[in-house]
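> Last residue of the sequence shown? That's 1038 in my numbering, and every number before it is there in order.
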Amino acid sequence: MIDQLPPVPASLRRMLKEYPVHIDRLQEVLDAVAREPAGATPHFDLAIWALEARLDSFLIEAREELAAARASGDAERVVRAVDIERLMSQAARKHVWHTDGALWDYFGK
């Protein structure tokens, strides 16, 4: 049984503080990695890849929403969608969160 689950990197939690569902979705993939039995690939690498994939999906979703907002002609919706797309684009950049020591502290031991 896992006593403590891996933390979502603090930098991502700060960036996504207004999007708790996104933080929960990141936590889900980290929890899944933590529950995987040890294998040939280190858990730390699996965690990084899982976060990258989930962040990429956030960016895809944001871009889809931006396209839909533009198609709707709703200026306020477009402004919100542009802001979200920009945020998700920043979050998807690995250098923003990769150096957070929490993942290494959890998985690198």
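We treat Cβ as the ideally placed atom computed from N, Cα and C, and that holds for glycine.
Please read these numbers as outputs of a predicted model, since none were measured by experiment.
(1) Report yes if the CB atom of Arg954 is closer than 8 Å to the CB atom of Arg992, and no otherwise.
(2) Please state if the CB of Lys946 and the CB of Glu981 are separated by a distance shorter than 8 Å.
(3) Using the beta-carbon count (16 or more within 10 Å), is Pro971 buried or exposed?
(4) On the three-pair Cβ rule with 8 Å, is the segment 994 to 1014 touching the segment 961 to 970?
(5) Do Ala967 and Pro935 count as a contact pair if the criterion is CB distance below 8 Å?
(6) Does His912 come out as helix, strand or coil in the three-state DSSP assignment?
(7) What is the C-beta distance between Asp1029 and Ala939, in whole angstroms, given that I count them as a contact (C-beta under 8 Å)?
(8) Along the chain, where does the alpha helix (DSSP H) containing Leu955 start, and where does it finish?
(9) Excluding the five sequence neighbours on either side, which residues of its own chain have a C-beta within less than 6 Å of the C-beta of Val937, listed in chain order?
In brief:
(1) Along the sequence shown, one-based indexing puts residue 954 at 25. Along the sequence shown, one-based indexing puts residue 992 at 63. Not in contact: Arg954 and Arg992 (Cβ atoms no closer than 8 Å).
(2) Along the sequence shown, one-based indexing puts residue 981 at 52. Along the sequence shown, one-based indexing puts residue 946 at 17. No; because the gap between Cβ atoms is not below 8 Å, this pair is not in contact.
(3) Within the sequence shown, residue 971 is the residue found at index 42, counting from 1. Result: exposed.
(4) no
(5) Position 6 of the sequence shown, counted from the first residue, corresponds to residue 935. Position 38 of the sequence shown, counted from the first residue, corresponds to residue 967. No, Cβ-Cβ distance for Pro935 and Ala967 is not below 8 Å.
(6) The question about residue 912 has no answer here: the residues shown for the chain are numbered 930 through 1038.
(7) In the sequence shown, residue 1029 corresponds to position 100, counting from 1. In the sequence shown, residue 939 corresponds to position 10, counting from 1. With a Cβ gap of about 6 Å, Asp1029 and Ala939 count as contacting.
(8) One-based indexing of the sequence shown puts residue 955 at position 26. Note, Leu955: alpha helix (DSSP H), Pro949 to Arg964.
(9) One-based indexing of the sequence shown puts residue 937 at position 8. So the list reads Ile952, Leu955 and Gln956, once near-sequence residues are dropped.
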